[in-house]
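Asker: Here's a structure for you.
Chains as they are written, first to last, in our numbering: chain L, 1 to 787; chain G, 788 to 1574.
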């Protein structure tokens, strides 16, 4: 903990805690608008089929049904997470000629209540002509495989063109179902391997998992034809993304799409993008002239609201005898499902989050994404990092074992340090990896425990992960406004949104600290596109480093204005004034002071009515550069990365193959924790999520159909599986973050998964190359060469 | 009309028109909050009585009643329109020891519905001991008259002390019921009269009238004990005033009292201050833990929601033979009723609005206010100006008649001109009086019509009035924020509120004009204390000159930021760029251009995420000076006054005494009309209101009881009495107003009343010295010396 702060660094309770505990907090599902209709969506029962005919007449005839729509009516509007000249958007709100996965949207209804809407769905008659489907990405890449997409002709202006890249979008043809390719390198990979003492190659397989947020996806939309304005209450992570895509798909100017403040009940990446149901609610509202709400079912969340990315990773690493990593070649096969989803992004990020960890002088990263007739994949907490960590951190352990070096020592030898510049130009202004490994080793008594597993089926393992703190993605920066009130309190306007990550509290703390006020003195207006200045929102882990720093700068601007007026009132130079507890005093004579309230009044009275309003903005790196510089291992992102060193301790039942995660220790570098309680919560939640990922989670499909679309069948880690959790701070400080803060919410999950995998290997003396580490796989590994 | 504007000066339809016409617009009475209770107030049936005992037990026992409160519980909390060290607040939310007028608040209830609340009121048993009352102000001033108030000990910090005047409030003793005194002068009054060729003295009597806004007074209050925060939806004219007084009386910090945006259905000054019911709704919400709404009845609006000020005016004026005014002595007796109301302010303003009209070198203004046991008086459109105009403009006509000068000529000789500096230091940056008189004379064929009345009972008369454009009252200035959106539109944040005056449209026009956008491109966020920067609000006629100029400055700030970024994009100096239709182009080559949308994106991309947010603030005069400088005829207010020259044409039925106002012509100086349609509406509404004031309106009391508390018994001018209306612009331009604009909403009413009075005198050849000009008075005047 850094000394000298009053509000920052304190484990203050959440500012949104009370309204959530009392049930007063409004989520999108709580919205009850006058005359509101309820929307429901008819979905494809087939993984791949032509739509021969849709007859909606019986549904339309049902009393209480106000609208029934199909893809024919809506037309070829397209949207996607990625929409670039290279990769034009490939999703439709409603399928037009064919359906591509089980659950694909086919028709939608708006009715006076949910039961009527559900009954209407049953009355829609769709005639399908099933066609051959493909479910395996390697099969999909073969000549002659069923084609999931025909040529995709961009029908809307390319999003990235809007954002300033003036390259025309071209029709996209998915030859052999290839939806994405990526190829980046630096150094000389061949020379690297040639100069290695030991080269190792392994294949790892990662399944799709669910985000499992407690709130399902919800949207309430109200279109006002008089004003030409769309008001929306929606489960989201970024106001900017939802606003942009609603504007684009509906043809309503951005400023006429208002996303209103409401809480989002967990996202983990799963609520970033536009969903069909978001568009459909808005479309149905415009069509019917009434507000329309769509609440997805848990089944829909599992099948249609995206999954984490499936990967096959071929990983080849070359090292010197002493453990120095010399070269690495990553080959990815990504299966994003029936639409591209975030495939181009996750392929890029899969390496982005590894590069800051280890110095690897020669490196190549190649990947291909293949459409299949399966549910679609999108970011999930770490977006590519957990998959790559599972592979690369296990392989490191295997290399260490081969070389006879302690895996912690091997990591210490190769990890990056503060001040290093990455191949893309990003500089690590702070990096707590070395400290983190050292402290984690000490805290866990690593050296005593490591390598003893084979005698008692207990194991200990380590995993490392990194995560950027915001990036230059999209033209969104973070900005904030701070208005001083007549009673000396401050109102903070931020475009960040609270989806459980704690931004309301943390941003308020930052404003309070900078202004010398208490948390109670900050009134927060956030999460509303109309009321707040633009902000990138809650993804890219931009909360503290970007939004937080924008808030700090806005508060600093306001404080400077206060100081100038106080200087006049106290007849003392600004440099001789001190700010504390909402008062400004003369340093040499602290009894001479004025309150903020006095200063604000004086400013209004004597400065021609000037109220005190401060502005702040921030963008992590200044360059306007959208496309990855392939020769530098990608474009710049930020100068601040968060780091996690996780150590997991497990035991394994050799008879049942069941793994228990006993303890997770995390030495993290999130810079100065703005709120240690929130940091603890973020890390603990990732430890628990990591246990689930490592041991249970997989969305299982059979012929494209999700077999476990409920919490009965899809197990997440519960209180029974929650391990003992130890948090070891690294006392880091990010010089450009607000009060030294940076990323904390996304990094650790990847490290925990890897640590558990390595701990299981330590316990059983054998490797498992795919997730989850089911009892079956453990028993198989034990049989094939384990303890 | 000034050429060269695109949006300003155009008769654009109101931006709030559609939601009002469709019924979508929310007024306070439309607020339906979950679990909301309904409040009602028990009022005194006596004009003056001691409260012996209140038994609330039967009311409390009624099912559905959630709270019953009396003055004993609330205690001696006091509030008022005026609360200074000299004049401490004298109103209680609920009477404690005695009631002072019929309607005084005695108890309040909150119940699950209005019927239950009404029934609960009937079950409250109050034992009164009636005591002698006084109803006539001159009687009240006599020794031995019943005392309406005992010593008033200030119980809360004086409001003005909060606002920076650090004088302690003293107990106030109303000797002989004197609640206010005023005495101001400049020049030498005795010398002035001594040097006059003709001196005339008259007494005029002005009754109380009602504001007659169509919406009754409403408040919905919701106190959140978790957050310590009060949310309020309320009929109001100024967010700042309601917020301040709710904060002060309830002991909640200003920033924790949020007034939410809702429309107010007309105010005319009648909804400025805090009312008991406002406080009581908030108090009852805090007490019950549920939202509480109070909707006043029309009866309550008439008896308890304030009236215009009653005046007895003794006016003495001395002139030279040629009509030059040399001296004027004004003596006022004001009867504000049972509480001081705005007495100190109206006594000050009664002359403030006359000084800018005529050059009068020697002048004295004295006044006394006397408590009586009658309903309380407050500002009404013009606040003192209509009363004084009725007196002074009639007396000018009588002087003109005596001197044999055309009254229009007499006025032309004496009216002030652009550039003149008033005794208090205010400079008339624009003054259209001369032009106005000349054009009105021409437009009405004045010279042909004037003085012919006695033959056909038709008459024509003129009246002049002035009104400031905002003032330095309170520490409130006007401020605004303009945020540019990614689609090139702009969001405007203003603390002004829409109460029918048209500010939403006009402020949006100003922002659009400054930014080179259309009205549709402006998104307005206004009328909410939490979302908007501080603004004085809708009184003091500050809308255009203060709030409007703040908006213009905020837009100009944003435009300058756009120009700087565009200059970089176009590689051209800012001075060589032109702004038009949301685009910035190079002057010498207009085809080289960028859109605002491009510029905003570029700013965010290339300026470290800088969004375009502009700020503006304004205060009409810079001085910090609260108390009138008595030797200068008062403190400074502003450099911009609005002026009206009204000409009325009437006929009189000599048999019935009934007056018909046939035509009203107004030559007004509101500077450049921002929206001519709105200016027309403001002036027409004042012509109609003036007809009502002149002919019908008087709240009649008998033994303190209002005899006509309904629209059945209190007649306002209807469509049948609406005269032909002609608006003659004076093509004025206020150099410091936004695009030349200034005051338009308050001035004309006073001029119209005076013009009608003078026209009636012209028609019947006799004077009536009191309002309204009822048939009885007309017949009496005719009999006593008329035609």
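Ideal placement from N, C-alpha and C gives every residue a C-beta, glycine not left out.
Model, not experiment: these values are computed from the prediction.
Excluding the 5 residues flanking residue 1192/G on each side, which residues of the same chain have their C-beta closer than 6 Å to its C-beta?
Answerer: In the second chain, the residue the question calls residue 1192/G occupies position 405. Contacts found: 1110.
Asker: Are the region 435-452 of chain L and the region 718-737 of chain L touching, with three or more C-beta to C-beta distances below 8 Å?
Answerer: yes
Asker: Listing by chain order, which chain L residues have their CB less than 7 Å from the CB of residue 1310/G?
Answerer: Counting from 1 along the second chain, the entry for residue 1310/G is found at position 523. Result: 255, 530.
Asker: Thinking residue 339/L and residue 368/L are a contact (beta carbons under 8 Å), I'd like their distance in whole angstroms, please.
Answerer: Along the first chain, read from residue 1 onward, the residue named residue 339/L stands at position 339. Along the first chain, read from residue 1 onward, the residue named residue 368/L stands at position 368. Actually they do not touch by this definition, with Cβ atoms about 16 Å apart.
Asker: Going by beta carbon distance, what residues of the same chain come within less than 6 Å of residue 988/G, once the five residues before and after it are set aside?
Answerer: Counted from its first residue, the second chain places residue 988/G at position 201. 1103, listed in sequence order.
Asker: Should residue 1337/G be flagged as near chain L, meaning a C-beta pair shorter than 9 Å?
Answerer: Working through the second chain from its first residue, we reach residue 1337/G at position 550. Yes, residue 1337/G counts as interfacial toward chain L.
Asker: Please identify, using Cβ separations under 8 Å, the residues of the region 1517-1549 of chain G that lie next to chain L, in order along the chain.
Answerer: none
Asker: How would you list, in chain order, the residues of chain G whose beta-carbon sits under 7 Å from the beta-carbon of residue 618/L?
Answerer: As a first step, residue 618/L must be located in the first chain, where it is residue number 618. Within 7 Å Cβ-Cβ: 1395, 1396.
Asker: Which residues, in order along the region 486-517 of chain L, keep a beta-carbon less than 9 Å from a beta-carbon of chain G?
Answerer: 486, 487, 488, 489, 490, 491, 493
Asker: Considering only residues of the same chain and omitting the five flanking positions on each side of residue 891/G, which have a CB-CB separation below 6 Å?
Answerer: On the second chain, position 104 is the one that residue 891/G refers to. The residues are 831, 882.
Asker: Contact criterion: CB-CB distance below 9 Å. Does residue 19/L meet it with respect to chain G?
Answerer: Here residue 19/L corresponds to residue number 19 of the first chain, with the count starting at 1. Answer yes: the Cβ-Cβ gap between residue 19/L and chain G drops below 9 Å somewhere.
Asker: Roughly how many angstroms lie between the CA atoms of residue 1059/G and residue 840/G, to the nearest whole one?
Answerer: Counting from one through the second chain, the residue named residue 1059/G turns up at place 272. Counting from one through the second chain, the residue named residue 840/G turns up at place 53. In a straight line, the C-alpha of residue 1059/G is about 33 Å away from that of residue 840/G.
Asker: Can you find at least 3 beta carbon pairs, one from the region 1262-1279 of chain G and one from the region 1307-1321 of chain G, that sit closer than 8 Å?
Answerer: yes
Asker: I'd like the list of long-range same chain contacts for residue 427/L, defined as Cβ closer than 8 Å, with 5 residues on each side in sequence excluded.
Answerer: Translated into positions along the first chain, residue 427/L becomes position 427. Within the same chain, residue 427/L has close Cβ partners 419, 420, 421, 639.
Asker: Can you find a C-beta in chain G that's less than 9 Å from the C-beta of residue 12/L?
Answerer: Counted from its first residue, the first chain places residue 12/L at position 12. Answer no: the Cβ-Cβ gap between residue 12/L and chain G never drops below 9 Å.
Asker: Kindly identify the DSSP beta-bridge partner or partners of residue 463/L.
Answerer: As a working mapping, residue 463/L is identified with position 463 in the first chain. DSSP output for residue 463/L lists 646/L as bridge partner(s).
Asker: Mind the definition here: the region 799-815 of chain G touches the region 1289-1308 of chain G only if three or more C-beta pairs lie below 8 Å; say whether that holds.
Answerer: Below 8 Å, enough C-beta pairs join the region 799-815 of chain G and the region 1289-1308 of chain G to call them touching: three or more.
Asker: Between residue 181/L and residue 107/L, is the Cβ-Cβ spacing less than 9 Å?
Answerer: Here residue 181/L corresponds to residue number 181 of the first chain, with the count starting at 1. Here residue 107/L corresponds to residue number 107 of the first chain, with the count starting at 1. Contact: no.
Asker: Taking only beta-carbon positions, decide if residue 1346/G is within less than 9 Å of chain L.
Answerer: On the second chain, residue 1346/G is found 559 positions in, with the first residue counted as 1. Judged by the 9 Å Cβ criterion, residue 1346/G is not in contact with chain L.
Asker: Between which two residues does the alpha helix (DSSP H) holding residue 1091/G run?
Answerer: On the second chain, position 304 is the one that residue 1091/G refers to. Counting along the chain, the alpha helix (DSSP H) containing residue 1091/G begins and ends at 1085-1091.
Asker: Using only the alpha-carbon positions, how far apart do residue 445/L and residue 593/L sit?
Answerer: In the first chain, counting from the first residue as 1, residue 445/L sits at position 445. In the first chain, counting from the first residue as 1, residue 593/L sits at position 593. Approximately 54 Å between the Cα atoms of the pair.
Asker: Nearest-angstrom Cα distance between residue 1048/G and residue 1336/G?
Answerer: The residue labelled residue 1048/G in the question sits at position 261 within the second chain. The residue labelled residue 1336/G in the question sits at position 549 within the second chain. Computed Cα separation, rounded: 21 Å.
Asker: At a cut of 8 Å, does the region 1011-1021 of chain G reach the region 1137-1146 of chain G through at least three beta carbon pairs?
Answerer: no
Asker: Between the C-alpha atoms of residue 952/G and residue 872/G, what's the straight-line distance to the nearest angstrom?
Answerer: The residue labelled residue 952/G in the question sits at position 165 within the second chain. The residue labelled residue 872/G in the question sits at position 85 within the second chain. Unreliable positioning characterises residue 952/G in this predicted model, as indicated by a pLDDT of 48, which lies under 50. The coordinate reading is nonetheless provided below. Rounded to the nearest angstrom, the gap between the Cα atoms of residue 952/G and residue 872/G is 9 Å.
Asker: Residue 310/L and residue 146/L: beta carbons closer than 9 Å?
Answerer: The residue labelled residue 310/L in the question sits at position 310 within the first chain. The residue labelled residue 146/L in the question sits at position 146 within the first chain. Not in contact: residue 310/L and residue 146/L (Cβ atoms no closer than 9 Å).
Asker: With a threshold of 9 Å between beta carbons, is residue 282/L in contact with chain G?
Answerer: Your numbering for residue 282/L matches position 282 in the first chain. Residue contact check for residue 282/L against chain G: no CB pair falls below 9 Å.
Asker: Pull up the DSSP beta-bridge partners for residue 577/L, would you.
Answerer: Translated into positions along the first chain, residue 577/L becomes position 577. In the DSSP output, where bridge partners are listed per residue, residue 577/L has 586/L.
Asker: Using the Cα positions of residue 768/L and residue 529/L, report the straight-line distance between them to the nearest angstrom.
Answerer: As a position in the first chain, residue 768/L is number 768, starting the count at 1. As a position in the first chain, residue 529/L is number 529, starting the count at 1. The straight-line gap from Cα to Cα measures roughly 47 Å.
Asker: Counting only C-beta atoms, is residue 947/G closer than 9 Å to chain L at any point?
Answerer: Taking the first residue of the second chain as 1, we reach residue 947/G at position 160. With a pLDDT of 47 at residue 947/G, under the threshold of 50, the predicted position of this residue should be treated as unreliable, and no value is reported.
Asker: Assign residue 560/L to buried or exposed, taking buried as 16 or more other Cβ atoms, counted over all protein chains shown, within 10 Å of its Cβ.
Answerer: One-based indexing of the first chain puts residue 560/L at position 560. Result: exposed.
Asker: Name the chain L residues that come within less than 7 Å of residue 1320/G, Cβ to Cβ?
Answerer: Looking up residue 1320/G in the second chain gives position 533. Chain-order list of chain L residues neighbouring residue 1320/G: 483, 611, 613, by C-beta distance under 7 Å.
Asker: Just how far apart, CA to CA, sit residue 1414/G and residue 1212/G?
Answerer: Here residue 1414/G corresponds to residue number 627 of the second chain, with the count starting at 1. Here residue 1212/G corresponds to residue number 425 of the second chain, with the count starting at 1. Confidence is the limiting factor: at residue 1414/G the pLDDT is only 49, short of 50, which leaves the residue's position unreliable and the question unanswerable from this model.
Asker: I'd like to confirm something about residue 853/G: is its beta-carbon nearer than 8 Å to some heavy atom of the ligand HEM, or not?
Answerer: Among the components of this structure there are no ligands whatsoever, and the ligand HEM is therefore not found.
Asker: Residues of chain L with a CB under 7 Å from the CB of residue 1425/G: which are they?
Answerer: For the purposes of this step, residue 1425/G is identified with residue 638 of the second chain, where counting begins at 1. Within 7 Å Cβ-Cβ: nothing; residue 1425/G doesn't reach chain L, min ~12 Å.
Asker: Quick check on the DSSP output: the alpha helix (DSSP H) that includes residue 938/G runs from which residue to which?
Answerer: Within the second chain, residue 938/G is the residue found at index 151, counting from 1. Run containing residue 938/G: none; DSSP gives neither H nor E here.
Asker: Could you tell me which chain L residues have their CB closer than 8 Å to the CB of residue 809/G, listed as they occur along the chain?
Answerer: As a position in the second chain, residue 809/G is number 22, starting the count at 1. 226, listed in chain order.
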